[in-house]
Each structure stands twice: as C-alpha cells, then as structure tokens.
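Here the structure is laid out as structure tokens; the discussion comes afterwards.
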Amino acid sequence: MEVILLERVAKLGQMGEIVKVRDGFGRNYLLPLGKALRSNAANKARFEGQRASLEARNLERKGEAQTVADVLDGKSFIVVRAAGETGQLYGSVAARDVVEVLAAEGFNVGRSQVDLNTPIKRIGLHEVVLHLHAEVEIKVELNVARTAEEAGRQSKGESLTSADAIYGIDEDALRPEDFFDPDADDRDDRDDRRSRNDDAGSDDE
C-alpha cells in the first residue's frame, strides 16, 4: 500500500512524502489515526490544498508536546507491585500501567505514545521512552518496588533483592560463625565421651 504522510512518522518519512507500507500497518495504524492518506490523484490534490494548515497544526502540536516534554523529561515515577524475594513481579507493568501512573501525576499520555514492547517483570529502575510527538521524544524512569519506602531506598542505589533489604541482614558484615556454631564440635566431643562412659558402665553391670 502507498500512502501520503500527513505528518512525520519515525523511520518512515516526512510530511508530504509518498511511502510504501504494509497493508496492515496502513489500515490499522496510519489511516485511522490520521497520519496518512491513501496515495491516489484525489488525495494528492487534497493534501496539497490542506498542506499549509497541516503544517501549521503540526507546529502547534509540536509546541504543545515540547511544553509537556520540558516538564516530564527525566522524571521518576514510583510503581508499587507485589514481588518475590528474587525481585520477580507477581504480574507485570505494561504500557497501560505507565499511562495510568502518568495520569495520576497529571500527565495525559496515550498508550500508543509509550514505547514499551516488553512488559516490565522485575523490580528495579526502568527507563521508558515516550513519543509525545513525531519530533518530540523523551525518557522517564519507572521505580518499580514492593513499597514506596523500598522505592526510596532503591532510588539511592540499594539493591532490593539483597538479604539486607529482605531480612535486615548486612551480607558484608556476616562472619563464618553466623552460619556455623563454633562450639558445636566441643559439644559433640563431650557427647561422644559421655556416651562411651555410659556404655562402659553398662558393661560393668
């Protein structure tokens, strides 16, 4: 399918260019979202007649997107999710969750603007790209943790899968005697001697 682009589309072309795309991409994405027209004589004439207004609208949208980008770019958002000791989430964080998190903070971003092809499945700090406009792209950070308190510690560089984070144990401060009883061998020797003495007493009777 050949289409006329009504705006810049990443990795495809600029406004006014005629490009060839897969039928499904054209029918399911470009055409219904108003990003392109089917390439034919009527639509070419239509585009040229609307070109000035389309360019003006594009500049306006770009300006609006840039205003949001100036505030949103680089911000960090806490996402609280249940997870196991290894950091594996009981579920995942998908594009729709990102939209909800941003909306809760007052940022209106569409699901199609969130570049997250693979859902997040572990706690940690995750970078997510947002396409606010064809020419405006930013990055935000998702701080995925079990609690808001853990998210605060994680933002300072702490690993939430360490023994210290989970059980309050400082792994670096652990000593061998924390794992083994140093008196265990002495007790075993005393028990062996006591057992032999008991056996000897029984033989005398």
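Residue numbers are given in the numbering used here: position 119 of the sequence shown equals residue 193, and the series is strictly consecutive. Using N, Cα and C, we set each Cβ at its ideal position, and we do this for glycine too.
Start and end residues, beta strand (DSSP E) containing residue i
| i | result |
| --- | --- |
| Glu211 | 210-219 |
| Ala157 | Neither: Ala157 is in no beta strand (DSSP E) and is coded neither H nor E. |
| Ile194 | 194-196 |
| Glu76 | 76-79 |
Environment of residue i [buried if 16+ CB atoms lie within 10 Å]
| i | result |
| --- | --- |
| Gln228 | buried |
| Asn217 | buried |
| Ala157 | buried |
| Gly231 | exposed |
| Glu81 | buried |
| Ala222 | exposed |
| Leu104 | buried |
Nonlocal neighbours in the same chain, by C-beta distance under 7 angstroms from residue i, ignoring five residues either side
| i | result |
| --- | --- |
| Lys195 | Gln162, Leu163, Ser166 |
| Lys118 | Ile78 |
Residue i - DSSP class collapsed to helix/strand/coil
| i | result |
| --- | --- |
| Glu179 | coil |
| Gly98 | helix |
| Arg112 | strand |
| Glu174 | helix |
| Leu204 | strand |
| Ser186 | helix |
| Leu104 | helix |
| Glu245 | Legend: pLDDT at Glu245 = 49, less than 50; position of this residue unreliable, value from coordinates given subsequently. The answer is helix: DSSP assigns Glu245 an H, G or I state. |
| Asn191 | coil |
Beta-carbon proximity list for residue i, same chain, < 8 angstroms, skipping 5 on both sides
| i | result |
| --- | --- |
| Leu107 | Ser186 |
| Val173 | Val183, Gly184, Arg185, Val188 |
| Arg120 | Leu111 |
Own chain residues within Cβ distance below 6 angstroms of residue i, not counting five before or after
| i | result |
| --- | --- |
| Leu79 | Gly87, Met89, Glu91, Ala110 |
| Lys149 | Val214 |
| Lys333 | This structure gives no information on residue 333, because the portion of the chain shown stretches from 75 to 279. |
| Ala197 | One detail in the question is off: residue 197 reads as Ile in this sequence, not Ala. Contacts found: Ala157, Gly161, Val218, Ala219, Leu234. |
Endpoints, the alpha helix (DSSP H) within which residue i is located
| i | result |
| --- | --- |
| Ile142 | In the sequence under discussion, the amino acid at residue 142 is Val, which differs from the Ile named in the question. Run containing Val142: 115-146, per the alpha helix (DSSP H) assignment. |
| Gly226 | 222-229 |
Residue i CB to nearest heavy atom of the ligand SAH below 7 angstroms
| i | result |
| --- | --- |
| Asp144 | The ligand SAH is not part of this structure, which contains no ligands at all. |
CB contact below 8 angstroms: residue i versus chain D
| i | result |
| --- | --- |
| Ile197 | The question asks about chain D, but that chain is absent: this structure has only one protein chain. |
Q. Taking three-plus beta-carbon pairs below 8 angstroms as touching, is the region 131-146 in contact with the region 204-222?
A. yes
Q | Stretch pair the region 165-172 + the region 187-203: three plus CB contacts closer than 8 angstroms | A | yes
Q | Three or more C-beta pairs below 8 angstroms linking the region 76-90 and the region 112-127 | A | yes
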